[in-house]
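Beneath this line is the structure, given in structure tokens, with notes to follow.
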Amino acid sequence: MSRIEQALSRAQSENRAALVAYLCAGDPDPQWTPALVRAAARGGADIVELGVPFSDPTADGIAIQQASARALGKGTTLARVLEMVREIRTDCDVPILLFGYYNPILKYGEERFAQDAADAGADGALVVDLPPEHASVLRGPLVQHGLDYVPLLAPTSDEGRVQQVANVATSFIYFVSLTGVTGAAAPDLRAAAQQAKVLKVQTGHPVAVGFGIKSAQDVASVARDADGAVVGTALIKLLQECEELPVAESKLTALISELAAGTQR
Amino acid sequence: MSRIEQALSRAQSENRAALVAYLCAGDPDPQWTPALVRAAARGGADIVELGVPFSDPTADGIAIQQASARALGKGTTLARVLEMVREIRTDCDVPILLFGYYNPILKYGEERFAQDAADAGADGALVVDLPPEHASVLRGPLVQHGLDYVPLLAPTSDEGRVQQVANVATSFIYFVSLTGVTGAAAPDLRAAAQQAKVLKVQTGHPVAVGFGIKSAQDVASVARDADGAVVGTALIKLLQECEELPVAESKLTALISELAAGTQR
Amino acid sequence: MPSNPSNHEFGSYGGRYVSETLFPALNELELAYAQARRDPSFEAERFRLLRDYVGRPTSLYHADQLSSSLGAEIWLKREDLCHTGAHKINNTVGQVLLARRMGKKRVIAETGAGQHGVATATACALFGLQCEVFMGAQDVVRQAPNVQRMELLGATVHPVHSGSKTLKDAMNEALRDWVTNVESTYYCVGSAAGPHPYPTIVRDLQAVIGEESRAQIRNRIGRLPDAVVACVGGGSNAIGIFAPFLGDASVKLFGVEAAGEGVHGQRHAATLTKGSVGTLHGSRSYVLQDEHGQIQEAHSISAGLDYPGVGPEHAWLKDQGRVNYVSVDDQTALHAFHQLARTEGIVPALETSHALGYLPTLVQQFKDQEPDAPPRKSHRGELARGLHVIVNLSGRGDKDLQTVLATTTSEGSASQITTQESSGEAP
Amino acid sequence: MPSNPSNHEFGSYGGRYVSETLFPALNELELAYAQARRDPSFEAERFRLLRDYVGRPTSLYHADQLSSSLGAEIWLKREDLCHTGAHKINNTVGQVLLARRMGKKRVIAETGAGQHGVATATACALFGLQCEVFMGAQDVVRQAPNVQRMELLGATVHPVHSGSKTLKDAMNEALRDWVTNVESTYYCVGSAAGPHPYPTIVRDLQAVIGEESRAQIRNRIGRLPDAVVACVGGGSNAIGIFAPFLGDASVKLFGVEAAGEGVHGQRHAATLTKGSVGTLHGSRSYVLQDEHGQIQEAHSISAGLDYPGVGPEHAWLKDQGRVNYVSVDDQTALHAFHQLARTEGIVPALETSHALGYLPTLVQQFKDQEPDAPPRKSHRGELARGLHVIVNLSGRGDKDLQTVLATTTSEGSASQITTQESSGEAP
Ligand SMILES: Cc1ncc(COP(=O)(O)O)c(C=O)c1O
Ligand SMILES: Cc1ncc(COP(=O)(O)O)c(C=O)c1O
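Have a look at this one:
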């Protein structure tokens, strides 16, 4: 059982959804990132999605676009993100899912990426623009190195695609609550969570819901039916208001514990 | 013998060319025009060409264009020009050749124009854009009312046209010294005058040279061979410098007598 | 009426009311043109250029949306697709080819909207001739992109500051240049105006529009159209499309002049509608003039129609009653401009928009006359039914964007036009 | 190399590197397109619009002066004569027809030079569909007339302020809009790029350029050309003219990218020449990227080439060696722009000017290879002799006047351009 699976099953056994926290590596500064991941873990994040910034984040809304641009501006690279993971792992074992776009990985080399990510202590990868039909080139090496490959499903996915995605998932599936980009307002999170429940049955994998979850209340509205709730833009926005790392850490821990409270069923 | 023919033959008998002075009726003010015509006569002009201003004087350079515009701005019309002639005739019998474009005459009516011009005491008309092929409509009435019809010839006119023009002339022919508009610098007035001499033989009519004659010296260089020398732009420019009528009158008389000195062969 | 009408080409209209200096040049031109038209190699070269360079034949497009909204079949003769964006190039390719044949090295032209200037500069670039264009200073401002185009094409543009600083004054200045440089210079007149033989030459060179249209419509609906409509400035696009239909009594012809701010005031350019017989720029025709025979300034939002004269053949066709001359004001033309852009995706020239602006009236007239006329075709099989109208889409409106936007803003109807900032984030 | 190349349409290139959300839409599009192509009524309507509305076939013009000065026979495929002034409309008429068939009421597009935006707005006006165009804020400024045209046509233009504020960012934003409104919205991609099936659709819809050219040149010289040249931004005009020649081994194909300020620096857009394999905007192809896989900003004086990606079929053709991809810098393109304007009377788009700018090199290459090749034809009877090159004249340069004039002035070569005051009086 991978670290990610363990986190999900622990949450399950505690009769709650897992809280998945998205942080953009390198934002606002690469030096802050390890401390922020620890702060998120302290607050009660079951899994941290660590965003690998990309120059052209077509799946993201303005908040994460700008976070990515800031991170890139501070010299964040994929190699540097792996270093951050390595540093985090010295004293923190929160599951880390690398989250990003395909091109930086393609450039790095899929095999080398899987190897280095595993060495650094990462637990898996989610690539928003690498669909199942093109995924084997990355999934193979990841699995070989004991890492999870997390695919996505969307409200528009039909039955055929659900099966295709089920076939490539190794742990959970990320279900996008809406047609849109990150940061968009979700019209109906309850319905999305119910949809996640159906998908869980269809795919045989745990399903986490992301996009549009901003508050403890939002978390609560998906927690009953989904296996996990992903919060991203809300955290990015919080960090934007902090000028000092200690402030950012404590505010982040506080917000995450507040959100975590919503995970109880 | 018309008054224009008389003037030409008097000059001829005095072994000199006739001096033809062009003034734009109504410029700078319609009230000045009769006095200026008298001043020109006093200075020794044998014939006065009285310009009837037109909105679109395509044969004229900038000086006469602007004079026409000023005259029109002061309300000068063809009817008003005829009134000026009538006023001049109360005490001055210098031959007056109405000089202009066809459209104002067409609008006035050719027959009515010939009648009224004769009544007013004018001696003839020269219409720069009414060539022999279209001239009969105006020439007929003019001749009927005892007025001269003065056609033009140009350096570009070939033999056929010379004959055509000869056939419609009633007194003299106006020979344009150059291909260009009024006010242009004539490249070679001597050659133009020699050309005029040839034309005189070919047409059997006296020939006056116009365009580009600015000074007594210019007049002198055509006087030997041509029957007349026309000065226009130089007079217009002189008047532009004068703010008071008495000054204008005396300057004009002075310049004309200076020019007249050049007419001696 | 002149006593010798035979000196005029079109009834009592036409002729050569110009300085004596120009006569030999006009005779030379007449002769050279007659010879060229009889010379198969000249015509072959002209045809090749019209086809490959200008892009002829231009298409005849059935405007589906416009037809539906007007309740008649509207066909657009797509002169806007010609190289340089208007019918003007049909004329300049022919005339500049003639200039080259005549051994002239320098070509001058007047221009209003700038389309004829661009078309002349274009043809001169093609044949390596020097080109100088006279353009009213006011038009230099309102048609700035065309000034830039002429200059890029290697032409020199002379802004003309006299008179109304528009087309009329540009033509005055071109005539002054021509009279000065007549031996070396070919004057490429841009509309069906000017002294003989220009109105004839320009008509002949533009008649390709009507010839193609006539063949195309027969091909499409198996018969001739009920009406043909064109805007009239100097009259070249109109005479070009009308000429081949003049003998077809069943085809009603409509020439649309610019009514500017309205034909009841002074600010319009409706020469045939409101003018009277006169001479301007070398020919006898209708002109806008005051009671003293002074030429009046024309006014139109469209620089290419802003002219107080009109080609002499139109004067004749008016007197004969063969063509109906009507007028459309600035507002109506602007409305038609926007309508065609939004319903057909075609941005017409403001000149052309006058022809388009007359369509509702025209359709209504036909309906009033024949209340029991068959309805519009309901499907493609019945194409020949209904009222079929060809509009000469004489040019595209890219050159007019600034003018139109200025009116849109000044009238507060800018709300039609929207640029939205993209937030990148959903609400 | 992906382990399963069958998921890519062009060798190892192409594919669908996009959000999961878009997959059903891409499948739906693929299916709808396949059905439409088999439906004679769809193809008939598309053909009618290409002929009557777009103005096809466009002519193939033998550029006499340019041929003389280069010492080779240069033929220009006149896509500049298409409605709206560039080849882009061939694509949008087809895609928007497809959108209507699919029941979509809203169409979005990205645009760089604005030509695709105008072409999309045009097709949407024609079919009465809502149109929203994403355009980099920098391009909104440098291609202002096209923004105005889009708005006149009823489209909404969204300036995009992220990244380099050019085409790449406009496409990012269009993808974000599409993922948000995917059920109601048709995304009309403007070049041979994007996720499958777009590169195939765009190529098919643009192939009419090559099909016509191939028939026209055989008709003229009785054989195929020696070379075909096109500029490459995303690659649609190039693939459109290349496609029908791919099987003709004797025809050399040249794709000309923008070298900007030079391919040895960072400021260029020569993706195939200097880029490496990557994924951008949904497909695997060449991209300009740094060592970390971040997409680099492209630079070109031409907004339509200012793109760090390229259509996947070009990547494949490069690897196969079938097409030679070369590059031409800003200065050379500008020079070619002025040269065509002055010697042929055609103002080309700055994009197109890159293809033209490569001609001297290309002709020299051929001559070096075949020093004893027959000389240029000396008269029309020997047309087939010599080196024959077709250039895809993908668009007209009206939209680029401001950009070009700015360079002219800033480089002090404004003396080429002359406006003279007319004095009305000889010296
Ligand atoms: C597109 C267009 N249509 C019409 C005209 C009016 O000229 P004409 O009446 O000679 O066709 C112009 C003149 O510039 C023009 O550009
Ligand atoms: C005239 C013209 N040519 C070429 C291009 C480049 O696009 P593509 O490479 O897709 O042909 C553009 C893009 O705007 C264009 O407007």
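So the protein lines, in turn, are chains A, B, C and D.
Going by the working numbering, the first sequence opens with residue 1, and the numbers climb by one from there.
Going by the working numbering, the second sequence opens with residue 266, and the numbers climb by one from there.
Going by the working numbering, the third sequence opens with residue 531, and the numbers climb by one from there.
Going by the working numbering, the fourth sequence opens with residue 958, and the numbers climb by one from there.
Note that the Cβ used here is the ideal one computed from N, Cα and C, for glycine as well.
Residue C/Gly927 holds the alpha-carbon nearest to the alpha-carbon of C/His884 among C/Arg915, C/Gln565, C/His918 and C/Gly927. Contact of A/Arg161 with chain D by beta-carbon distance below 7 angstroms involves Phe980. In this structure, B/Val313 is the residue among B/Leu454, B/Val313 and B/Ala494 with its C-alpha nearest to the C-alpha of B/Asp388.
The beta carbons of A/Ala186 and A/Leu178 sit closer together than 7 angstroms. Excluding five sequence positions before and after B/Gln467, the CB atoms of its chain that fall closer than 6 angstroms to its own CB belong to Val427, given in chain order. Looking only at C/Leu561, C/Arg546 and C/Ala653, the smallest Cα-Cα distance to C/Ala639 is reached by C/Ala653. With contacts defined by Cβ atoms closer than 7 angstroms, C/Met665 and C/Ala562 do not form a contacting pair. DSSP, read as helix, strand or coil, puts B/Gly475 in strand.
The beta carbon of A/Asn167 sits no closer than 7 angstroms to any beta carbon of chain D.
Assignment of D/Met1059 by DSSP, reduced to helix, strand and coil, places it in the coil class. In terms of Cα proximity to B/Pro420, the closest of C/Asn711, C/Glu703, C/Met701 and C/Glu662 is C/Asn711.
According to the DSSP assignment, A/Thr203 belongs to the alpha helix (DSSP H) that extends over Leu189 to Thr203. DSSP places D/Ser1170 inside the alpha helix (DSSP H), whose first and last residues are Tyr1155 to Ile1178. Listed in chain order, the beta strand (DSSP E) runs fully inside the stretch 854 to 930 of chain C are 918 to 923, counting runs of at least 3 residues.
In this structure, B/Glu375 sits away from B/Pro416, with a CB-CB distance that is not shorter than 7 angstroms. Scanning its chain for C-beta atoms nearer than 6 angstroms, with the 5 sequence neighbours on each side dropped, one finds around C/Leu606 the residues Tyr591, Ala593, Val921 and Leu923, in chain order. Only exposed fits C/His794, as fewer than 16 other CB atoms lie within 10 angstroms of its CB. In the three-state reduction of the DSSP assignment, A/Phe54 falls in the coil class, being assigned neither a helical nor a strand state. Look at B/Asp413 here: in three-state DSSP terms it is strand.
Listed in chain order, the non-local C-beta contacts of A/Ser55 below 6 angstroms within the same chain number zero, local neighbours out to five positions each way being set aside. Spanning the alpha carbons of D/Asp1286 and D/Phe1211 requires a straight line of approximately 16 angstroms. In this structure, the alpha-carbon of D/Asn1281 lies about 20 angstroms from that of D/Arg1241.
Going by beta carbons, D/Glu985 and D/Pro1156 fall outside the 7 angstroms limit. Ranking A/Ile4, A/Met84 and A/Pro57 by CA distance to the CA of D/Arg1133 puts A/Pro57 first. Non-local C-beta neighbours of C/Val856 in its own chain, meaning closer than 8 angstroms and more than five positions away in sequence, comprise Phe784, Gly785, Val786, Glu787, Thr803, Tyr888 and Thr891, ordered along the chain. Within the same chain, Lys214 come within 6 angstroms of A/Ala234 by CB-CB distance, once the 5 residues on both sides are set aside.
Rounded to the nearest whole angstrom, the C-alpha separation of A/Met84 and A/Leu23 is 12 angstroms. Taken through DSSP and simplified to helix, strand or coil, C/Val719 comes out as coil.
Segment contact: the stretch 1069 to 1086 of chain D against the stretch 1040 to 1048 of chain D, three or more CB-CB distances shorter than 8 angstroms; contact assigned. Judged by DSSP secondary structure, C/Ser815 falls within the beta strand (DSSP E) whose first and last residues are Gly812 to Val817. CA-CA distance, C/Glu821 to B/Gly411, rounds to 27 angstroms. For the stretch 771 to 802 of chain C, there are no residues whose beta carbon sits under 7 angstroms from a beta carbon of chain B.
Contiguous beta strand (DSSP E) elements confined to the stretch 360 to 419 of chain B occur at 361 to 365 and 389 to 392, taking only those with 3 or more residues. In its chain, beyond the 5 residues on either side, Tyr366 and Tyr367 have a beta carbon closer than 6 angstroms to the beta carbon of B/Asp394. For C/His844, the enclosing alpha helix (DSSP H) starts and ends at Pro842 to Gln850. Close to chain C, meaning a Cβ-Cβ distance shorter than 9 angstroms, are the following residues of the stretch 1298 to 1311 of chain D: Ala1298, Arg1299, Thr1300, Glu1301, Gly1302, Ile1303 and Val1304.
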